[in-house]
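> First, the structure itself, so that you have it in front of you.
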Amino acid sequence: MLSLKFIQDNPEFVIERLAVKHFDARAMVGQVLALYQKRNESQLESDRCKAEMNQLSKEIGQLFKEGKSEEAALAKEKTVVLKERIRLFDEEFESIDAQLAQLQVQMPNLPSSLVPGGRTAEDNEVVVQGGVMPVLPEGYKPHWELAAQYDLIDFELGVKITGAGFPVYKGYGARLQRALINFFLDQAREAGYLEVQPPYVVNEASGFGTGQLPDKEGQMYHCPVDGLYLIPTAEVPVTNIFRDVIVDAKDLPIKTAAYSACFRREAGSYGKDVRGLNRLHQFDKVEIVRIAHPDKSYESLDEMVRYVTTLVEKLGLPYRILRLCGGDMSFTSALTYDFEVWSAGQGRWLEVSSVSNFESFQANRLKLRYRDEATKKPQIAHTLNGSALALPRIVASLLENYQTPEGIRVPDVLVPYMGCEIIR
RNA sequence: GGAGAGAUGGCAGAGUGGUCGAUUGCGGCGGUCUUGAAAACCGUUGUACUGUGAGGUACCGGGGGUUCGAAUCCCUCUCUCUCCGCCA
């Protein structure tokens, strides 16, 4: 979320930037400015009364010690009025503060100046296109047919056990999952990321910290008895490692990678989007998360984009990188690059990674700070994350792009992990 | 699931109604000494909000209460630990 101070100091800038996300913030900003001032006035009054109260209490204690109980009783009477005033000012403060928090949470992150102003996915800017389009054999198939033909994935079995969107991977299908996870984690480690294994279930505070709660509540599986949520991405538990933490500036950027299963309700999805592996309720992903110095976070973002590029290139998949437009980017992001790979059997691009700089938006919620080397004061850090990579669509693309009449070829980098060069 | 114990500053660990934002130790930072380091000694060392500033206020797991005054007493919630049971 944006800090109140920032909104107060830059109201017009906030309104102008949020317009790029097609969010009209004028009324909200106006309310924030008015409430912020009122809140501070209440605090000032309350603090004054409390100071007086503290002083009085000390005096009363002193009087008792000296045995002047009559004077003490007199002083006690004065506290009654003060107490009531404190109560009123505090109530007012609490009420205004809650309203402010409400407004704050509703305001999206400001898009960076690089963000194009479009409205829909059509308006995203293709910044890089790479790889070579495969030449498919006669009678090529989409991945769900290939998965059935080679007995790699059983979608119906998943329906029996759980429901649609929870496939069962079998044989080389299961092994391919494991191969990709290991490949991605090994690559991340070599690139300097610390591997962690986070919980797959998080509490409410964590959901709030990364911005899933309160507004995206419906997208997560929820265990109300325990007040816990299944993670939609490892971003949530991993970024929350740093909630309420003050890190040393010299440790920045902090680079963390984690594999996790991800759970998404995906309410409202339908049609070709959910066919096969295109959109699942449970899927595997390796996520990279970085904590960066505010002056260096865009350098970090570029590094992450370059890193993800190496992954799709090593897998030999045709890809493109999109810079998301204001209308298509997420609530929490300041700048997002999406990676798409070509799904030759379906003839469409599939999103396999989203790399974002959240600047201070998450860090404000998380109270994630670094200690400034010069001033020694805690400052809000920047957070970034990206998929590196999400498995199902990579699998879809691999199966389709590498299909041959003899079987599915295994990309060279995966051969050591798969123990074979072709899936028959 | 049953029984008990506990939650204090980066960590360890005091503190049972008043001058306690909190003794002390460790760690960190600065300094003296040293060719350098260690040791020793001295000093310093939380966060947030607010105020132009001096300063003020809040915070001892969360919330509520008693009191002129709460880290300290009461209620409640959450969490952690130990033992037993069950178990990957």
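Remember, our numbering sits 2 above the position in the first sequence when you count from 1. For every residue, glycine included, the Cβ atom is placed at its ideal position computed from N, Cα and C.
#1: Just the Cα atoms here: how many angstroms apart are F244 and S389?
#2: Can you tell me which of P418, V415 and Y404 puts its alpha carbon nearest to the alpha carbon of R426?
#3: Can you list, in chain order, the stretches of the alpha helix (DSSP H) that have 4 or more residues and sit fully within the segment 215-240?
#4: Quick one: Cα of R281 to Cα of G165, how far?
#5: Kindly give me the distance between the Cβ atoms of I293 and V307, rounded to whole angstroms, as I take these residues to be in contact under 8 angstroms.
#6: Any idea what DSSP makes of N387, helix, strand or coil?
#7: Along the chain, which unbroken stretches of the alpha helix (DSSP H) at least 4 residues long are found entirely within the segment 316-397?
#8: Mind checking which residues open and close the beta strand (DSSP E) that includes D286?
#9: What first and last residue would you give for the beta strand (DSSP E) that runs through V130?
#10: With DSSP as the reference, label S271 as helix, strand or coil.
#11: Whose C-beta lies closer than 6 angstroms to the C-beta of Q131 among residues of the same chain, with five residues either side of it excluded?
#12: Enumerated in chain order, which unbroken segments of the alpha helix (DSSP H) with a length of 4 residues or greater are wholly contained in the segment 162-204?
#13: Flag this pair as yes or no: are the beta carbons of N359 and I382 separated by less than 8 angstroms?
#14: Take the Cβ of G209 as the centre, count every other Cβ of all protein chains shown within 10 Å, and call the residue buried at 16 or more, exposed below.
#15: DSSP three-state label for Y38, please.
#16: Apart from the five residues on each side of it in sequence, which residues of its chain come closer than 7 angstroms, Cβ to Cβ, to R41?
#17: Which residue marks the beginning of the beta strand (DSSP E) containing A260, and which one marks its end?
#18: Any chance you could list the beta strand (DSSP E) runs of at least 3 consecutive residues sitting entirely within the segment 40-79, in chain order?
#19: Just list the residues that DSSP pairs Q33 with in beta bridges.
#20: Kindly indicate which three-state DSSP category G211 falls into: helix, strand or coil?
#21: Any contact between the segment 102-114 and the segment 331-351? By contact I mean 3 or more CB pairs, one from each, below 8 angstroms.
#22: Take R427 as the anchor and find which of T338, H295 and Y223 has the nearest alpha-carbon.
#23: Do L416 and A181 have their CB atoms nearer than 8 angstroms?
#24: Enumerate in chain order the residues of its own chain whose CB-to-CB distance from M420 is below 8 angstroms, with the five nearest sequence positions on each side excluded.
#25: What is the rounded straight-line gap between the Cα of A150 and the Cα of D156?
#26: Going by DSSP, name the residue or residues bridged to D99.
#27: Within the continuous alpha helix (DSSP H) that includes R411, where are the two ends?
#28: Any idea what DSSP makes of V249, helix, strand or coil?
#29: Please classify I248 as buried or exposed, where buried requires at least 16 neighbouring CB atoms within 10 angstroms.
#30: Counting along the chain, where does the alpha helix (DSSP H) carrying Y419 start and finish?
#31: Can you tell which of K23, F363, A251 and T311 has its C-alpha closest to the C-alpha of V129?
#32: Is the separation between the beta-carbon of Y152 and that of I424 shorter than 8 angstroms?
#33: According to DSSP, I155 sits in a beta bridge with which residue or residues?
For this structure:
#1: Roughly 19 angstroms separates the two Cα atoms.
#2: Minimum Cα-Cα distance from R426 among the listed residues P418, V415 and Y404 corresponds to Y404.
#3: Whole alpha helix (DSSP H) segments, 4+ residues: zero.
#4: Each residue's alpha carbon lies about 13 angstroms from the other.
#5: The C-beta separation of I293 from V307 comes to about 17 angstroms, leaving the pair out of contact by the 8 angstroms criterion.
#6: Under the three-state reduction of DSSP, N387 is assigned to strand.
#7: If we require 4 residues or more, the alpha helix (DSSP H) runs fully inside the segment 316-397 come out as 363-368.
#8: Boundaries of the beta strand (DSSP E) around D286: Q284 to A294.
#9: It spans E127 to G132 - the beta strand (DSSP E) in which V130 sits, taken as one unbroken run.
#10: DSSP places S271 in coil when its eight states are reduced to three.
#11: Closer than 6 angstroms at Cβ, skipping near neighbours: R322.
#12: DSSP runs (the alpha helix (DSSP H)) wholly in the segment 162-204: 174-192.
#13: Taking 8 angstroms as the Cβ cut-off, N359 and I382 do not qualify as a contacting pair.
#14: With a 10 Å radius around the Cβ and a threshold of 16 neighbouring Cβ atoms, G209 comes out buried.
#15: It is helical.
#16: These residues qualify, in order along the chain: F95, I98, D99 and L102.
#17: Following the DSSP letters along the chain, one finds A260 inside the beta strand (DSSP E) bounded by residues I256 to F265.
#18: Counting only runs that start and end inside the segment 40-79, there is no beta strand (DSSP E) element of at least 3 residues.
#19: Answer by DSSP bridge pairing: none, since Q33 is not bridged.
#20: In this structure, G211 counts as helix in the three-state DSSP scheme.
#21: Short answer: they touch.
#22: Past the edges of the chain, shown from 3 to 426, lies residue 427, and the structure says nothing about it.
#23: The beta carbons of L416 and A181 sit closer together than 8 angstroms.
#24: Within the same chain, M420 has close Cβ partners Y174, R177, L178, A181 and V412.
#25: Rounded to whole angstroms, A150 to D156 spans 7 angstroms at the Cα level.
#26: Beta-bridge pairing links D99 to no other residue.
#27: Counting along the chain, R411 falls outside any alpha helix (DSSP H), though it belongs to the beta strand (DSSP E) covering G409 to R411.
#28: Strand at V249.
#29: With fewer than 16 other Cβ atoms within 10 Å, it is exposed.
#30: First-last of the alpha helix (DSSP H) with Y419: V417 to M420.
#31: Residue nearest to V129 within the set K23, F363, A251 and T311 is T311 (criterion: CA-CA distance).
#32: No, these two residues do not count as a Cβ contact at 8 angstroms.
#33: The beta-bridge partner set that DSSP reports for I155 consists of Y171.
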